[in-house]
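Visitor: Residue numbers (my numbering), protein chains in the order written: chain C, 1 to 309; chain G, 310 to 861.
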């Protein structure tokens, strides 16, 4: 197990390096003008343009730019955004907010999703099963900005149950509750359906029949044996989803004005702000890799047949 | 339905907003207690956006930073929020007898936020810093009329024009002289009758001595001279201003504290205003502009005002594209554009049809300078085109930069031209603003292309000289009319303001004959506010007037 983890950690190094270079190259290749909008509605003056280009090495070829960037990165300097704000400061401020939001969304989708999945899986074809099936279908087919926009309008603006926007770097759990539910709503549907399908399949399998016929209560047979096996794909999904929620909460973040990482990456890509994009995505890649490792380790816990030795 | 991913999303969002509004329109009426007045003190929150540069007046030309700079820096003159007329602020007097040598006397006892007194050299140093090209200040070009500006520019080629021999020859403007602590003189290269009007722009703000010691950290926490001082700038989240206790100018504000909350999307800010979580938003989202929805969402808590912005369509220089050389063809195209319908359909009435080349908000504006040529008349347009012998090219083209929301209106404009004239017209997107501008600057763009102008200072001159004077910096169509140039020179030399305006108006009238660019529409700003505040006014620049806003 120890050597397995070590090997996986070592594998991360080339992945991270490769990812930063690819992202850097892609940002470099993007069309668009980093100076657009810097001077309002008109082109920037020549003096400003020259100073800006010089400051951010924009005239250098790709490899030189990347070399300068990685050189700085090695000393722990993430560089500056085109707004002359330190990228590291932004990442420090934004990642906790996004992580909190994503964790709450994960918690929400796991709790509701698995409970709904188990209840419907056990009583297949019943009223609850049909209700969950239809409601998850509805949730899956509505885009997030519709759910978010409606939730914000009714629960926030109209009835005042939740704050309308977050707008603060020190977001409280209460402020993030509504965005987290919106963000997790799509995944709830997936988790519920995934759990249900797997559970239904496993309930039909031999080992569950054996367990019941050997005298185990149905509750124990489902809870201990069938559910544990059914959760493997669900855990895989949730692990992947955590990474996706971190970087992909762009719509939710913009609706609720959450100063998180998704909107930051989006905006940086649009302004071709290489330092910001690469900095934010590098951290994201690391999170992905770590979460993947945790998921792989969890398999062993859920299914003793899977071993990492 | 055609449109970018973004416009589709916006349309969908507005559909929900409409739906949501339809579901609950219970709370009508509303209480209107104190209409005007309001008390002093208290704090307000306003929508902000991310400043694109450090907060240094000479390096800020975009509105996100400009809104903050305006509140924390005083200038020699201050523009009246209603009429945009300049009135003395720090200046005691600005005198000239020949429109070329100006003597500026400043008021004694005005202070920077660090307690030091504002002296003449604070102006001179700041302007020199802005004009010196190696400093790379975005609004350095405002110093251009001052004598000695040319020697402070870099002449090199390639990547860094300031490297080696190309470096600027001088570090100071020869036209600026400090006479004593409270007096300095300005000498301009040519006669400039409206120089005092220009001095209200933020690029002309005085800077304290400590700026020059460390410009970089200054941009993070600027020390200004205005009615408000900057307390904190939480990057990408909020900017907090509070009343400057020692402010002794005439344009102080009523509230004690102003917090700019930074929003990425105007929808979020707008919803916060409806829920009274935000006091003022200076941008109403498209979803709320449709059918004037904001007026029912925020009854008696909204305002709309014209601002000093004009959208035009410029013709490529004749040597680049001879097909448009005949003024009659240009006039015919202008008359073929149904401005009213386009404004209604595409801009939800947030634009005003242009009747000339100068915005109505400035001193010297004269209505209807374009006359019949800016009125939609397909029959006359067609007749005029035939008179000119028809259009020689295969099709009319209208280019725009595709990285901003110009696709819809350029296509609508082309459709209008096509229908009225019977000549094919195509709206052509150019990938981004930089490419678009460089094609225009290199004189490679043919046909017609969109051009816009946002005024720097409220003067009729600002809408004419920089754009249509022979060889002017923004003269994208290489327009040249000796008569026009002569009138501008005469106007710049006129010592009487009314006389100068009259000459500028005569010059503008010439544009209707030659039609170097088609006036399309003037910009408008719409604001909405919470039920906690009162006295919200929009300035001619489309910004919030912080001298009048207060809590109820």
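Ideal Cβ placement from N, Cα and C applies to all residues, glycine included. Note that the structure is predicted; figures quoted are calculated from it, not measured.
Restricting to Cα atoms, I'd like to know which of G/596, G/375, G/495 and G/612 is closest to residue 843 of chain G.
Guide: Taking the first residue of the second chain as position 1, residue 843 of chain G is located at position 534. The option with the nearest alpha carbon to residue 843 of chain G is G/612.
Visitor: Please report the residue range of the beta strand (DSSP E) in which residue 202 of chain C lies.
Guide: Looking up residue 202 of chain C in the first chain gives position 202. Element bounds for residue 202 of chain C: not the beta strand (DSSP E) but the alpha helix (DSSP H), 173-203.
Visitor: On the premise that residue 711 of chain G lies in contact with residue 740 of chain G, defined as a C-beta separation below 8 angstroms, what is that separation, rounded to the nearest angstrom?
Guide: Translated into positions along the second chain, residue 740 of chain G becomes position 431. Translated into positions along the second chain, residue 711 of chain G becomes position 402. About 6 angstroms separates the beta carbon of residue 740 of chain G from that of residue 711 of chain G, a gap short enough to meet the 8 angstroms contact definition.
Visitor: Label residue 10 of chain C either buried or exposed according to how many other C-beta atoms from any shown protein chain fall within 10 Å of its C-beta, with 16 as the threshold for buried.
Guide: On the first chain, residue 10 of chain C is found 10 positions in, with the first residue counted as 1. Label assigned to residue 10 of chain C: exposed.
Visitor: List, in order along the chain, the chain C residues whose C-beta lies closer than 7 angstroms to that of residue 450 of chain G?
Guide: By one-based count along the second chain, residue 450 of chain G stands at place 141. Residues of chain C passing the Cβ test: 45.
Visitor: According to DSSP, which residues form a beta bridge with residue 387 of chain G?
Guide: Translated into positions along the second chain, residue 387 of chain G becomes position 78. Beta-bridge analysis with DSSP links residue 387 of chain G to G/396.
Visitor: Once DSSP output is grouped into helix, strand and coil, what is the label at residue 72 of chain C?
Guide: Numbered from 1 along the first chain, position 72 holds the residue referred to as residue 72 of chain C. Residue 72 of chain C: helix per DSSP, three-state reduction.
Visitor: On the three-state DSSP scale, how would you describe residue 333 of chain G?
Guide: Within the second chain, residue 333 of chain G is the residue found at index 24, counting from 1. Note on residue 333 of chain G: pLDDT 36, under 50, position unreliable in the model; no value is reported.
Visitor: Answer with yes or no whether the minimum CB distance from residue 164 of chain C to chain G is below 8 angstroms.
Guide: Numbered from its first residue, the first chain carries residue 164 of chain C at position 164. Yes - at least one Cβ of chain G is within 8 angstroms of the one on residue 164 of chain C.
Visitor: Note down, in chain order, each residue of its chain lying with its Cβ closer than 7 angstroms to the Cβ of residue 378 of chain G, except the 5 sequence neighbours on either side.
Guide: Residue 378 of chain G sits at position 69 when you count from the first residue of the second chain. If we look at residue 378 of chain G and ignore the five residues flanking it on each side, its Cβ neighbours are 364, 366, 369 and 511.
Visitor: Give a yes or no on whether 8 angstroms exceeds the smallest Cβ distance from residue 568 of chain G to chain C.
Guide: Start at 1 with the first residue of the second chain, and residue 568 of chain G comes out as number 259. By this cut-off, residue 568 of chain G is not an interface position.
Visitor: Looking at the structure shown, is residue 824 of chain G part of a helix, part of a strand, or coil, going by DSSP?
Guide: Mapped onto the second chain, residue 824 of chain G falls at position 515. In the structure shown, residue 824 of chain G falls within a coil segment according to DSSP collapsed to helix, strand and coil.
Visitor: Leaving out five residues on either side along the sequence, give the residues of the same chain with a beta carbon under 6 angstroms from the beta carbon of residue 788 of chain G.
Guide: Position 479 of the second chain holds residue 788 of chain G. If we look at residue 788 of chain G and ignore the five residues flanking it on each side, its Cβ neighbours are 777 and 825.
Visitor: Take residue 557 of chain G as the anchor and find which of G/422, G/797 and G/439 has the nearest alpha-carbon.
Guide: As a working note, residue 557 of chain G is residue 248 in the second chain. Per the Cα distances, G/422.
Visitor: Which residues does DSSP list as the beta-bridge partners of residue 209 of chain C?
Guide: Residue mapping note: residue 209 of chain C aligns to position 209 of the first chain, counting from 1. In DSSP, residue 209 of chain C forms no bridge with anything.
Visitor: Just to confirm before moving on: does the CB-CB distance between residue 78 of chain C and residue 70 of chain C stay below 8 angstroms?
Guide: Numbered from its first residue, the first chain carries residue 78 of chain C at position 78. Numbered from its first residue, the first chain carries residue 70 of chain C at position 70. No, these two residues do not count as a Cβ contact at 8 angstroms.
Visitor: Buried or exposed: which applies to residue 670 of chain G, given that a residue is buried once 16 or more other Cβ atoms fall within 10 Å of its Cβ?
Guide: Looking up residue 670 of chain G in the second chain gives position 361. When all chains shown are included, residue 670 of chain G counts as buried.
Visitor: How should residue 14 of chain C be labelled, buried or exposed, when 16 other C-beta atoms within 10 angstroms of its C-beta is the threshold for buried?
Guide: Within the first chain, the letter at position 14 stands for residue 14 of chain C. Exposed: under 16 other Cβ atoms inside 10 Å.
Visitor: Tell me whether the region 223-241 of chain C and the region 273-280 of chain C touch, counting them as touching only if at least three CB pairs, one residue from each stretch, are closer than 8 angstroms.
Guide: no
Visitor: Which of the three DSSP states is assigned to residue 837 of chain G in this structure?
Guide: The count along the second chain starts at 1 and reaches residue 837 of chain G at position 528. Three-state DSSP puts residue 837 of chain G in a strand.
Visitor: What are the residues in the region 739-759 of chain G lying within 7 angstroms of chain C by C-beta distance?
Guide: 740, 741, 742, 743 and 746
Visitor: Tell me which same chain residues have a C-beta within less than 6 angstroms of the C-beta of residue 121 of chain C, skipping the five on either side of it?
Guide: Indexing the first chain from 1 puts residue 121 of chain C at position 121. The residues are 196, 199 and 200.
Visitor: Take residue 546 of chain G and list the residues in its own chain whose beta-carbon comes closer than 7 angstroms to its own, dropping the five residues that flank it on each side.
Guide: In the second chain, counting from the first residue as 1, residue 546 of chain G sits at position 237. 571.
Visitor: Straight-line CA distance for residue 280 of chain C to residue 253 of chain C?
Guide: Residue 280 of chain C sits at position 280 when you count from the first residue of the first chain. Residue 253 of chain C sits at position 253 when you count from the first residue of the first chain. Those two C-alpha atoms are separated by around 16 angstroms.
Visitor: DSSP state of residue 461 of chain G, grouped into three classes?
Guide: In the second chain, residue 461 of chain G corresponds to position 152, counting from 1. Residue state, collapsed to three classes: helix.
Visitor: Closest to residue 757 of chain G by CA distance: which of G/634, G/731 and G/652 is it?
Guide: Stepping through the second chain from its first residue, residue 757 of chain G is reached at position 448. The candidate whose alpha carbon is nearest that of residue 757 of chain G is G/634.
Visitor: Distance check for residue 732 of chain G and residue 644 of chain G, CA to CA, integer angstroms please.
Guide: As a first step, residue 644 of chain G must be located in the second chain, where it is residue number 335. As a first step, residue 732 of chain G must be located in the second chain, where it is residue number 423. Counting only the Cα atoms, residue 732 of chain G lies some 14 angstroms from residue 644 of chain G.
Visitor: Look at residue 145 of chain C and residue 265 of chain C and say whether their C-beta atoms are less than 8 angstroms apart.
Guide: Working through the first chain from its first residue, we reach residue 145 of chain C at position 145. Working through the first chain from its first residue, we reach residue 265 of chain C at position 265. No, the Cβ-Cβ distance between residue 145 of chain C and residue 265 of chain C is not below 8 angstroms.
Visitor: At 4 residues or longer, and completely inside the region 515-586 of chain G: list those alpha helix (DSSP H) runs for me, N to C.
Guide: 518-522, 524-529 and 575-583
Visitor: Excluding the 5 residues preceding and the 5 following residue 148 of chain C in the sequence, name in chain order all residues of the same chain whose CB lies nearer than 8 angstroms to its CB.
Guide: Taking the first residue of the first chain as 1, we reach residue 148 of chain C at position 148. Non-local C-beta neighbours of residue 148 of chain C in its own chain, meaning closer than 8 angstroms and more than five positions away in sequence, comprise 179, 182, 251, 252, 255 and 256, ordered along the chain.
Visitor: Give the range of the alpha helix (DSSP H) segment to which residue 294 of chain C is assigned.
Guide: In the first chain, residue 294 of chain C corresponds to position 294, counting from 1. Where residue 294 of chain C is concerned, the enclosing alpha helix (DSSP H) stretches over 274-302.
Visitor: Under 8 angstroms: do the region 663-683 of chain G and the region 769-784 of chain G share three or more Cβ pairs, one atom per stretch?
Guide: yes
Visitor: According to DSSP, is residue 238 of chain C part of a helix, a strand, or is it coil?
Guide: By one-based count along the first chain, residue 238 of chain C stands at place 238. Correct three-state label for residue 238 of chain C: helix.
Visitor: Work out the CA separation of residue 96 of chain C and residue 283 of chain C for me, nearest whole Å.
Guide: As a position in the first chain, residue 283 of chain C is number 283, starting the count at 1. As a position in the first chain, residue 96 of chain C is number 96, starting the count at 1. In a straight line, the C-alpha of residue 283 of chain C is about 12 angstroms away from that of residue 96 of chain C.
Visitor: Please work out which residues of its chain come closer than 7 angstroms, Cβ to Cβ, to residue 118 of chain C, disregarding the five sequence neighbours upstream and downstream, and give them in chain order.
Guide: Here residue 118 of chain C corresponds to residue number 118 of the first chain, with the count starting at 1. Closer than 7 angstroms at the Cβ level, and outside the excluded window around residue 118 of chain C, lie 195, 199 and 227.
Visitor: To which residues of the same chain is residue 59 of chain C closer than 8 angstroms at the C-beta, ignoring the five residues directly before and after it?
Guide: For this step, residue 59 of chain C is matched to residue 59 along the first chain. Excluding residues within five positions, the ones whose Cβ falls inside 8 angstroms are 53.
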